[in-house]
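Below is one structure; the comments refer to it alone.
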Amino acid sequence: MIHAFPHRFRELERLEELRLENNLISYVNGNSFSALARLRLLSLNGNRIRGAGEHAFQGLRGLQALHLEDNCLGRIPSTALAPAAPSLRRLRLGGNAFAQLHTGTSRACCASRSCR
2 MIHAFPHRFR ELERLEELRL ENNLISYVNG NSFSALARLR LLSLNGNRIR GAGEHAFQGL
62 RGLQALHLED NCLGRIPSTA LAPAAPSLRR LRLGGNAFAQ LHTGTSRACC ASRSCR
């Protein structure tokens with residue numbers, strides 16, 4: 002089980018898919034994935050994520066799919082998704098505790114081709 006993101010991700014710069022489903026991750030820190038510029042799929046489903054830092058997805062310029070289903074998210078800072086928004090095609094947020102999405106977050110969601 003993973004509780005936090007290891008610094009070893011910096012050594013995986015060619016990685017295209019990262020699936021960290023069903024762990025005990027509770028927060029996505031800023032720049033956690035900044036070295037993974039080639040990442041196309043990031044799946045964090047089924048964790049206990051309650052929040053994300055303002056730069057949580059910084060560096061993920063080629064990210065096409067972000068799966069955050071079945072966590073405890075109530076909000077995501079609009080700046081967290083901004084770096085990935087231009088390439089994002091699939092954003093999955095179902096099974097969270099969102100009361101509303103902030104304008105910047107919903108823009109990133111609408112920019113993706115499939116939002117569930």
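For the sequence shown, the tail end lands on 117 under this note's numbering, and the numbers increase by one without skipping.
Where a beta carbon is used, it is the ideal one built from N, C-alpha and C, also for glycine.
Predicted, not measured: the structure shown is a model, and the values here were computed from it.
- Each of H68, A53, N32 and A98 was checked against the Cα of E18, and the nearest Cα belongs to H68.
- For R93, the secondary structure class from DSSP, reduced to helix, strand or coil, is strand.
- Uninterrupted beta strand (DSSP E) stretches at least 3 residues long and entirely within the region 34-82 occur at 42-44 and 66-68, given in chain order.
- Counting every other CB atom within 10 Å of its CB across the protein chains shown gives R9 a total below 16, marking it as exposed.
- Checking the DSSP bridge columns, you'll see L19 partnered with L43.
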